[in-house]
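Student: Mapping of the sequence shown onto this note's numbering: residues 120 to 516, in sequence order.
Can you keep this structure in mind? I'll have questions shortly.
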Amino acid sequence: MTQQNNIPFLDLITPHQELAPELTAIFQSAISTGRFIGGPMVEEFEENFAGFCGAGFCIGVGSGTDALRFALMAAGIRPDEVVITVPNTFIATTEAISQCGATPAFVDMDAQTYNMDHEKLRQYLETECVLENSRTVHSGSRRIVSAIVPVHLYGQMADMDAILEIAADYHLHVIEDACQAHGAEYFSRKLNCWKKAGTMGIASAFSFYPGKNLGACGEAGAVVTDSEDIARHIRMLRDHGQSQKYHHEMEGYNGRLDVIQAGILNVKLKKLAEWNLQRRNNAQIYNEQLRSLESIITPHEPAWSRSVYHLYVIQTEVRDQLQGYLSGQGIGTALHYPIPLHLQKAYIGNGQTSGAYPVCEAAANRILSLPMFPGLDPNRVTTVSNHIAAFFNEPSR
Ligand SMILES: *Cc1c(COP(=O)(O)O)cnc(C)c1O
Numbered sequence: 120m121t122q123q124n125n126i127p128f129l130d131l132i133t134p135h136q137e138l139a140p141e142l143t144a145i146f147q148s149a150i151s152t153g154r155f156i157g158g159p160m161v162e163e164f165e166e167n168f169a170g171f172c173g174a175g176f177c178i179g180v181g182s183g184t185d186a187l188r189f190a191l192m193a194a195g196i197r198p199d200e201v202v203i204t205v206p207n208t209f210i211a212t213t214e215a216i217s218q219c220g221a222t223p224a225f226v227d228m229d230a231q232t233y234n235m236d237h238e239k240l241r242q243y244l245e246t247e248c249v250l251e252n253s254r255t256v257h258s259g260s261r262r263i264v265s266a267i268v269p270v271h272l273y274g275q276m277a278d279m280d281a282i283l284e285i286a287a288d289y290h291l292h293v294i295e296d297a298c299q300a301h302g303a304e305y306f307s308r309k310l311n312c313w314k315k316a317g318t319m320g321i322a323s324a325f326s327f328y329p330g331k332n333l334g335a336c337g338e339a340g341a342v343v344t345d346s347e348d349i350a351r352h353i354r355m356l357r358d359h360g361q362s363q364k365y366h367h368e369m370e371g372y373n374g375r376l377d378v379i380q381a382g383i384l385n386v387k388l389k390k391l392a393e394w395n396l397q398r399r400n401n402a403q404i405y406n407e408q409l410r411s412l413e414s415i416i417t418p419h420e421p422a423w424s425r426s427v428y429h430l431y432v433i434q435t436e437v438r439d440q441l442q443g444y445l446s447g448q449g450i451g452t453a454l455h456y457p458i459p460l461h462l463q464k465a466y467i468g469n470g471q472t473s474g475a476y477p478v479c480e481a482a483a484n485r486i487l488s489l490p491m492f493p494g495l496d497p498n499r500v501t502t503v504s505n506h507i508a509a510f511f512n513e514p515s516r
């Protein structure tokens, strides 16, 4: 009998138990004031999160998906336009684009960083689009291409200098999908300084889904922006288009951040920097212990990046076998994501088949996300690494 470990892929219980008194106090405060939507607790969180990011404004919304949809709408994305993103992301990125009435177009990922390959982005614009009167038009469909949504996947920012430069050349907005990258940093060679995720595009979407680096105890999200106009627009979009109660300047949505979630996020935000540091330290331990294994590719962090390791993702040819082996040892893992978006049933009929984005498709069969969460004991990281080494050193395998 081998000894069973009990190392989950994600532990959402321990961090909340440690904060339980402060978290229950938030609920107590809400039921004692009877204030559940809007007000000081929401505004306090918005101010704190804008401050954390180093951005001018934060607008709390109902989810990361709301944040993406509202950010695109407020940036002026119109129906029938094309918005460029990557095929290796969570479907919320493309749902938000489609729900604006726009059409998602894909550019393949970079093989090392898993983020948008800016050379392929430029190639797509040069070969499939034309500039007409300061607008970029897709030659085939004649649709206007209006925006790029880079996704800061696994907690690491995309190469924003390069993407912003291409966006400027083609008059495109850049909206960051920062749903996995709270606190991630990028060294801008152009600005000669470090920039936090969410402060480089015209607007940026964050998710506070429970498993994210900053997670609510339910659904929540936020848009971060330096534009006062966009901030004002999103405050209306999230609240039925109201500028004041029962004065509707347009149709909007029910997409607000509620008081209890905002209060909980205020409590947890104080821990975020420490939690991100723990993730970075644990990633370092994985790197050191897995680096010598030839059958594994560990994450690549360029010198210009400080990832917050929302996920720690390795690659191996024998992914399924390794995942099964670890599961047998009581070690949880996950796949982000097993099927690229263009091959999902939801997008069959868009004319894109297997082979369209070869880098992303190859990675999808090889990636494996290892345990990574706040409070993960470094000794358990070593245990996971040892079991991975044992799997590859097993002569009978
Ligand atoms: C989680 C996530 C979203 C969606 O956030 P929700 O809060 O679940 O709506 C969008 N994009 C990415 C990359 C995500 O990881």
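Glycine residues also receive a C-beta, built at the ideal position from the N, C-alpha and C atoms.
Bear in mind the structure is a predicted one, so any value in this text is a computation, not a measurement.
#1: Is the region 140-149 close to the region 382-389, with three or more CB pairs under 8 Å?
#2: Express the C-alpha separation of Q397 and D199 in angstroms, rounding to a whole number.
#3: Taking 7 Å as the cut-off, is the beta-carbon of Q275 closer than that to any non-hydrogen atom of ligand 1?
#4: Who are H257's beta bridge partners in DSSP?
#5: In or out: D439 buried (at least 16 other Cβ within 10 Å) or exposed?
#6: For N469, write down the residues that DSSP places opposite it in a beta bridge.
#7: Helix, strand or coil: which one does DSSP assign to D489?
#8: Starting from A100, follow the beta strand (DSSP E) in both directions and report where the run begins and ends.
#9: My output table needs one value for V205: the three-state DSSP class, helix, strand or coil.
#10: So, using beta-carbon positions, are I433 and I416 closer together than 8 Å?
#11: State the start and end residues of the unbroken beta strand (DSSP E) segment that holds W394.
#12: In chain order, which continuous runs of the beta strand (DSSP E) of length 3 or greater are located wholly inside the region 213-240?
#13: DSSP three-state label for H366, please.
#14: Go through its chain and collect everything with a Cβ distance to R399's Cβ below 8 Å, but skip five positions before and after it.
#15: For I467, count the other beta carbons within 10 Å of its own beta carbon; 16 or more makes it buried, fewer makes it exposed. Which is it?
#16: What three-state label does DSSP hand A266 in the structure shown?
#17: Grab me the residues of K314's own chain with a C-beta within less than 6 Å of its C-beta, minus the 5 sequence neighbours each way, in chain order.
#18: Which residue or residues does DSSP assign as beta-bridge partners of S425?
#19: Assuming C177 is part of the alpha helix (DSSP H), what are its boundary residues?
#20: Comparing the CB of K389 with every heavy atom of ligand 1, is any distance shorter than 7 Å?
#21: Within 8 Å, do at least three Cβ pairs link the region 183-199 to the region 208-224?
#22: Short check: CB of A381 to CB of F164, under 8 Å?
#23: If you compare alpha carbons, which of A300, N167 and C172 is closest to A277?
#24: Apply the 10 Å Cβ neighbour rule to R375 and answer buried if 16 or more other Cβ atoms are within range, or exposed otherwise.
#25: For A341, report the span of its alpha helix (DSSP H) as first-last.
#26: Within a Cβ cutoff of 6 Å, which residues of the same chain sit near Q136, ignoring the five residues on either side of it in sequence?
#27: Give me the residue from E247, A287, Q231 and L244 with the minimum Cα distance to L272.
#28: Per DSSP, K464 forms a beta bridge with which residues?
#29: If you follow the alpha helix (DSSP H) that E284 is part of, which residue opens it and which one closes it?
#30: Do you know how far the Cα of D227 is from the Cα of R351?
#31: Does M120 come out as helix, strand or coil in the three-state DSSP assignment?
#32: What is the DSSP secondary structure of V503, reduced to helix, strand or coil?
#33: Kindly indicate which residue of K464, C172, A341 and F128 has the alpha-carbon position closest to the one of M319.
#34: Whole angstroms are fine: how far does the CA of T435 sit from the CA of E238?
#35: Let me know the secondary structure DSSP gives Q299 once reduced to three states.
#36: What number of angstroms, rounded off, separates the C-alpha of M120 from the C-alpha of G447?
Tutor: The structure says:
#1: yes
#2: Looking up residue 199 in the sequence shown gives position 80. Looking up residue 397 in the sequence shown gives position 278. Whole-angstrom Cα-Cα distance: 44 Å.
#3: Stepping through the sequence shown from its first residue, residue 275 is reached at position 156. Answer for Q275: no, Cβ out of range of ligand 1.
#4: Stepping through the sequence shown from its first residue, residue 257 is reached at position 138. Answer by DSSP bridge pairing, in chain order: C248.
#5: Your numbering for residue 439 matches position 320 in the sequence shown. It is exposed - the Cβ of D439 has fewer than 16 other Cβ atoms within 10 Å.
#6: Walking along the sequence shown from the start, residue 469 turns up at place 350. In the DSSP output, where bridge partners are listed per residue, N469 has none listed.
#7: Here residue 489 corresponds to residue number 370 of the sequence shown, with the count starting at 1. It is Leu, not Asp, that sits at residue 489 in the sequence shown. In the structure shown, L489 sits in a strand (DSSP, three-state: E or B).
#8: With the chain covering 120 to 516 only, the question about residue 100 has no answer from this structure.
#9: For the purposes of this step, residue 205 is taken as residue 86 along the sequence shown, with counting starting at 1. V205: coil per DSSP, three-state reduction.
#10: As a working note, residue 433 is residue 314 in the sequence shown. As a working note, residue 416 is residue 297 in the sequence shown. Contact: yes.
#11: Position 275 of the sequence shown, counting from 1, holds the residue named residue 394. Element bounds for W394: not the beta strand (DSSP E) but the alpha helix (DSSP H), V378 to L409.
#12: 222-225
#13: Here residue 366 is taken as the residue at index 247 of the sequence shown, counted from 1. The answer is strand: DSSP assigns H366 an E or B state.
#14: Reading the sequence shown from its first residue, position 280 is the one you call residue 399. So the qualifying residues of the chain are R425, S426, V427 and Y428.
#15: Residue numbering aside, residue 467 sits at position 348 when the sequence shown is read from its first letter. Exposed, since its Cβ has fewer than 16 Cβ neighbours within 10 Å.
#16: Looking up residue 266 in the sequence shown gives position 147. DSSP places A266 in strand when its eight states are reduced to three.
#17: What you label residue 314 is simply residue 195 of the sequence shown in a count that begins at 1. Cβ within range, chain order: Y305 and S307.
#18: Here residue 425 refers to the residue found at position 306 when the sequence shown is read from its first residue. It should be noted that the sequence gives Arg, not Ser, for residue 425. DSSP lists E304 as partners of R425.
#19: Within the sequence shown, numbered from 1, the residue matching residue 177 stands at position 58. Here C177 belongs to no alpha helix (DSSP H); instead the beta strand (DSSP E) covers F176 to V180.
#20: Here the question's residue 389 lines up with position 270 in the sequence shown. Because no heavy atom of ligand 1 lies under 7 Å away, the Cβ of K389 does not count as near it: no.
#21: yes
#22: Working through the sequence shown from its first residue, we reach residue 381 at position 262. Working through the sequence shown from its first residue, we reach residue 164 at position 45. Yes, they are a contact pair.
#23: In the sequence shown, counting from the first residue as 1, residue 277 sits at position 158. A277 has its Cα closest to that of A300, out of A300, N167 and C172.
#24: Start at 1 with the first residue of the sequence shown, and residue 375 comes out as number 256. Burial call: buried.
#25: Reading the sequence shown from its first residue, position 222 is the one you call residue 341. Taken as a continuous stretch (DSSP letters only), A341 belongs to no alpha helix (DSSP H), being part of the beta strand (DSSP E) at G340 to T344.
#26: Position 17 of the sequence shown, counting from 1, holds the residue named residue 136. Around Q136: no qualifying Cβ.
#27: Against the sequence shown, residue 272 aligns to sequence position 153. Looking at the Cα atoms, Q231 is the closest of the given residues.
#28: Within the sequence shown, the letter at position 345 stands for residue 464. Answer is none; K464 lacks a bridge partner.
#29: Position 165 of the sequence shown holds residue 284. Counting along the chain, the alpha helix (DSSP H) containing E284 begins and ends at M279 to D288.
#30: Working through the sequence shown from its first residue, we reach residue 351 at position 232. Working through the sequence shown from its first residue, we reach residue 227 at position 108. The alpha-carbon atoms of R351 and D227 are separated by roughly 34 Å.
#31: The residue given as residue 120 occupies position 1 in the sequence shown. Note that M120 scores a pLDDT of 46, beneath 50, so its modelled location is shaky and nothing firm can be said.
#32: Sequence index remark: in the sequence shown, residue 503 carries index 384 (1-based). Three-state result, V503: helix.
#33: If you number the sequence shown from 1, residue 319 lands on position 200. Per the Cα distances, C172.
#34: Position 119 of the sequence shown, counting from 1, holds the residue named residue 238. Position 316 of the sequence shown, counting from 1, holds the residue named residue 435. E238 and T435: Cα-Cα distance of roughly 26 Å.
#35: Within the sequence shown, residue 299 is the residue found at index 180, counting from 1. DSSP places Q299 in coil when its eight states are reduced to three.
#36: Taking the first residue of the sequence shown as position 1, residue 120 is located at position 1. Taking the first residue of the sequence shown as position 1, residue 447 is located at position 328. Note that M120 has pLDDT 46, beneath the 50 cutoff, so the model's placement of it is unreliable and the number below is only indicative. Between M120 and G447, the C-alpha separation is close to 11 Å.
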